[in-house]
Every structure is written in structure tokens, then in C-alpha cells.
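The opening position of the sequence shown corresponds to residue 12 in this note's numbering, with each subsequent residue numbered one higher.
Note that beta-carbon positions come from the ideal geometry of N, C-alpha and C, so glycine has one too.
As the structure is a prediction and not an experimental result, all values here were calculated from the model.
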Amino acid sequence: MNATKTLSRLVPALAILIMVGGCGGDAPDASAPQDEEFGEPTDGGTAVVLIGADMTIPLSMLAQGTIDGNLGGDVMFMELLRGAWEDGRLVFKTAEESPMAIARSYEYVGPDSASLRFHMRPDVTWSDGEPLTADDIVFSYSILGDPALASPMQSYVELIDSVEAENDSTVVFHYSRRHPEMLTHAALPPIPEHIFGDTPPGEIINHPTLRNPADGNLVVSGPFMIDNWERGQSITLIPNPEFEPQPYLDQLVFRVVPDLNTRLVELQTGNADFLQGITFDQVPRIRSQAPHVRLEREEKRFYDYVAYNPEQFEPFANPEVRRALGLAVDVPAMIAALQMDEFAVPAGGPFAPIFEGLYDPDAQAPLPYDPDQARSILESHGWADTNNDGVLDRDGQPFQFTLITNSGNQRRADVSQILEQQWSRLGVDVELRIVEFNTMNDNLATGNFEAALGGWSVGLSPDLTMTPIWSPDSPFNFTGYEDPDVVRLMDQARQQPTYEAASPFWRDAASAIVEDQPYTWLYYMDSVDGVNNRLRGPRIDTYGPYQNTWEWWIPENLR
């Protein structure tokens, strides 16, 4: 096989979702100044972004953390089509609509329209001046499914039979069948073949330009490239001279500040321009003490849940018992107690209400707070306090289990306390255990837990929202949940030709999962982002905060 011209059938893999520490959100502040006050955007200035953890690897196909994905996927590398969130769904924009898109147009071709032909811009070049061609697309997909690369985006090639470069500016994706995620799976940010082509996939992670990407060593296609990387301290980006339109900023600096309180002080005192992930309880402080900061939100992309593991605690095998535990949780009171009223709503299932056509307000409605019904359900299944010790028991077994959650997340620590108190009123004895983040991940992955309080930041496509968590063979299906009807519905969804045709199947699959209550879904959350009023131009919504950095600018008198 000629790797630069074709891509053979690649091994399937799973999409990754990120378990998030979660934060909060807020509607944009009414006090935010309008751009008319500052006139037209002008060149110059440095914007400072605060992050809690350093970059690990600056390629989205190898991303190991949130900042890796943000920089590799949104700032430093272009895609064939640029994603955006509009009208409750993920859409894709061509180069006519976004300078981050490589393709001018595309069309479905071949038998059953199971192939996609992309017509690329002929003028796109890498930051070293080399042209970005269809061969770069083919190369990127030729290594994506290689187990040695160990990419978290391997699932993108599961249904791709081949990728073919018809000429320098035309590339065709041949899928095994027409399906609704074809555009999503063609949206990998390509990497330059002339840089990585001679490196075995398993060694790319150690490529010199990734370990020492500063001073322009890392060849990129997006608006910014790395000028300096002081590990554990800062990442300094400068404009890519080959990207059009040129960014307004001279520099975009990501400062690593592990402590959240320190990050808040830096934003509050004007030493930084952008902070993603302000906790809900700190919003009043920012509003009262930092009038120069406006609050934006990434709406309802995050949720917290309680996962039940029947393998470790047999009563959890009964969906009615799981439902009873959910009915005993007063989520609205929890939201109020944690000052989340503006930023969160009770959750009922995998799809938040922002997902048009996928969220069913009846079948996926949040459970009501009904402790009386919860007691009745448990009594009907034989649970009673036979020895008057305040704990329900059955056949000599007390209703007693351990709930784990991760350290470093005050919200979850507070939520675990609330859960313990509310379940104790039901006669359920819960031991709380807070463990280090990586330890919790290990416990979840190995099934070494009885119940877990965690959270997800979900993909914006229904497939990426559902499949990694609820497929029986997925490593992220921590509860071991398996229902043949759900599997059938998800398979049917993936076999549909369009998003519209697939949506009813995804909706029914989610509703069936909700009926079984393998999770107690708690709340859907926004993410609060703080922006210094001197920084103009950021477009922040459900899609994310770094989607248009080339348009960020600072008025000359505020630099």
C-alpha cells in the first residue's frame, strides 16, 4: 500500500470522553462593554490565559488532557471542516464560512452516497511554507488507527475503508456504509506528512518537534504556533505567518497556575485576561470585586452523576432499587445549596435539553424528589429496618455501601456529603471515600467500586455522547450496563444515513437507559469563563472558548 495515496481498513477503537472536575457558568454579564466603545480591532498586544495544568503533547490526535485538545484542535491546527454549535446541534463549516476549514466544499458520492469528496483550498500552507495537500490528510488517517499510535481518536476510523488523494486538493473518504457521523469522522486536524512521515506511529509521541516545539519547530496550520514553552510555567504562542487572516494579537500566553484560588486572584487583579472554569461559589466574588471581568458560559456540556456497580454491591442489580435512591435525592435543593441556581438544571439522562431532537422532556425527565415513593419501592423489595438500628436490611444484609469521588473538587466533596445525608434519611448507610483523581480513574476502569460520584464532559455528536459510555464492551461503561434493546437502538442509529434519521433511535436509546437508571443523573452544568473586559472578540458558547483566537484583540490604550 502507498501510504500517501490510500488508507486500508483500520482497526476499530473507542472515542474518549473526559471526566471533568466541572465548574460552572453564567449568562454573559450585562455590564460587558460593547466593541463599539473601542472602535475597530487593531494589531498588537499580549493576552494571558490561565490554565491549571500544563500541555502534555501539542497534537489533538494524541491529546492527553483538556489543554492538549484545546490547543491542538482549536488553536494550532486546521480541519477539513470547522465544527460549530448552532440550533442545538453540531454543524460543520467550509472555508467559505470559517478560515479554520481546509475544504471549500464537499459532496456525497459513490454507491449509496457512502463516500465523501472534499475540495480543498489550494492556498493553505503549513507554518514552514510547505503546501498542505490531500496527501497530508491521507497520511494522518493512515496512522490514526494504528494501535502503536494509541490515539484517543481511533474511533474516527472505525467505519472508514480507505482515504484517497485524487490530486493535491481533492481527497475522498470511502466509508463501509453511509452513516450520520461521516463529517465528524473526517474532522481530524491533519498533521504534516513531510515532518512525521518517516517516523513509525509508535514513536511519533517522542518526535523532536513535539518534545521541543518552541521557536517554530512544531509545524502547524492554525492561527498560532509555539514560540516558547517553559514546562510547568507557560506556553507562549505567536501568529503563524502563513495563516490568513493574521491574528490581531502579538502573543497569546497560557500561564500554568495549578491553584484555582491563585488563578482567581490573578484574574481579579487584572494580571490575566481569560480563565476557564470559575467555580459557582466564586461568581459573587468576581461580580462584586472585579467589575473589569465579564462572565461567559459554555452551556450545559457537563453533568455529574452517581454510578452504581452491581458487581460489587448486589442490590444495585435491581433498577427499581437504583430508582429509589434517585428519588431520595433532592437535586433542586442541592443546586440551591451549592449556589448553582443560575448555572445548572436537574439532569435526567445522557442528553441535556440543549440537544435539539435528542432530549425527550418526558422519557428523559429528571426524577422528582419523592422520598416516600423511594421508601415504598425499597419496602416492596424486602428492605426494612428489622433491628431498629436506623439502617435498612434484608436477609441479614444492611443497605450499606461506599461512595467514592475524586479529590481536588470541592463541589463533588459537598455533593457527596449531601447525598450521604439524604440517603441516611431513607435508612441507607453510606461511607464516603475521597481518593486521588488517578486512583479514582483506576477504580472505575477496574470496577473496584460500589458507587461513584463522577462527571462527564460529553462530545457534541450523539454517537460520541452515547457509544463510549453505554456500549457493553466500552471501557467507560463503568457500571457494566447492558441492555439488548439499547444496543439494537444504538446500532440502528449508527446505520442511518443522516443525523435527522438517526436522532429518533438515539433518543429512544437514551430514554431506555433512563428507564433502567444505571446512573442517578444529578445536574447539567455550564462552565463559567471569566474574561477581562480589555480582551475583545472571544466567541464562547457550547462549542468551547478557543474557537476564534485569531479574532481576539486588545484596544491600544488598554495594552
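- Taking all protein chains shown into account, residue 372 has fewer than 16 neighbouring C-beta atoms within 10 Å of its C-beta and is therefore exposed.
- Here residue 528 is not near residue 516, since their CB atoms are 8 Å or more apart.
- Cβ contact annotation for residue 351 (same chain, cutoff 6 Å, sequence separation greater than five): 291, in chain order.
- Looking at the backbone, the Cα of residue 393 and that of residue 326 are separated by about 11 Å.
- Counted as a single uninterrupted DSSP element, the beta strand (DSSP E) harbouring residue 241 occupies residues 235 to 241.
- Under the DSSP assignment, residue 171 falls in the beta strand (DSSP E) whose first and last residues are 171 to 178.
- DSSP places residue 232 in the coil class of the three-state scheme, outside both helix and strand.
- Taken in chain order, the unbroken stretches of alpha helix (DSSP H) that lie wholly in the region 405 to 475 and span 4 residues or more are 421 to 436 and 448 to 457.
- Within its own chain, the residues whose Cβ lies closer than 6 Å to the Cβ of residue 567, once the five positions on either side in sequence are excluded, are 53, listed in chain order.
- Shown here, residue 183 sits in a strand according to DSSP, grouped into three states.
- Residue 293 is classed as buried because its beta carbon has at least 16 other beta carbons within 10 Å across all chains shown.
- Linking residue 84 to residue 200 through their CA atoms gives a straight-line distance of about 6 Å.
- Relative to residue 560, the option among 51, 64 and 111 whose CA is nearest is 111.
- Rounded to the nearest whole angstrom, the CA to CA distance from residue 184 to residue 280 is 50 Å.
- In this structure, the CA atom of residue 141 is about 32 Å from the CA atom of residue 267.
- Residue 487 and residue 308 have their C-alpha atoms some 27 Å from each other.
- In this structure the region 372 to 390 does not touch the region 247 to 262; the number of beta carbon pairs closer than 8 Å is below three.
- For residue 247, the uninterrupted beta strand (DSSP E) segment begins and ends at 245 to 250.
- Residue 227 sits in coil when the DSSP states are folded into three classes, being neither helix nor strand.
- Cβ-Cβ distances below 7 Å link residue 82 to 66 and 69 in the same chain, with the five nearest sequence neighbours on each side left out; the list follows chain order.
- Shown here, residue 66 sits in coil according to DSSP, grouped into three states, outside any helix or strand.
- By the CB criterion at 8 Å, residue 103 and residue 94 fall inside the cutoff.
- In the same chain as residue 283, and ignoring 5 residues on each side of it, the C-beta atoms closer than 6 Å to its own belong to 59, 61 and 277, in chain order.
- Straight through space, the alpha carbons of residue 145 and residue 177 are spaced by roughly 8 Å.
- Under the 10 Å beta carbon count, residue 461 is surrounded by 16 or more other beta carbons and is classified as buried.
- Note on residue 433: 16 or more other CB atoms within 10 angstroms of its CB, so buried under the neighbour-count rule.
- In this structure, 485 is the residue among 485, 317, 305 and 471 with its C-alpha nearest to the C-alpha of residue 457.
- Residue 349 and residue 342 have their alpha carbons spaced roughly 11 Å apart.
- For residue 495, the enclosing alpha helix (DSSP H) has its first and last residue at 495 to 505.
- For the 8 Å CB-CB criterion, residue 285 and residue 542 form a contact.
- Taking every protein chain shown into account, the CB of residue 347 has fewer than 16 other CB atoms within 10 angstroms, so this residue is exposed.
- Residue nearest to residue 354 within the set 109, 56, 360 and 537 is 537 (criterion: CA-CA distance).
- Closest by C-alpha distance to residue 419, out of 451, 495 and 174, is 451.
- Here residue 121 carries a coil assignment [DSSP, helix/strand/coil].
- When the beta-carbon positions are compared, residue 253 and residue 138 come within less than 8 Å of each other.
- One alpha carbon belongs to residue 319, the other to residue 73, and they sit about 31 Å apart.
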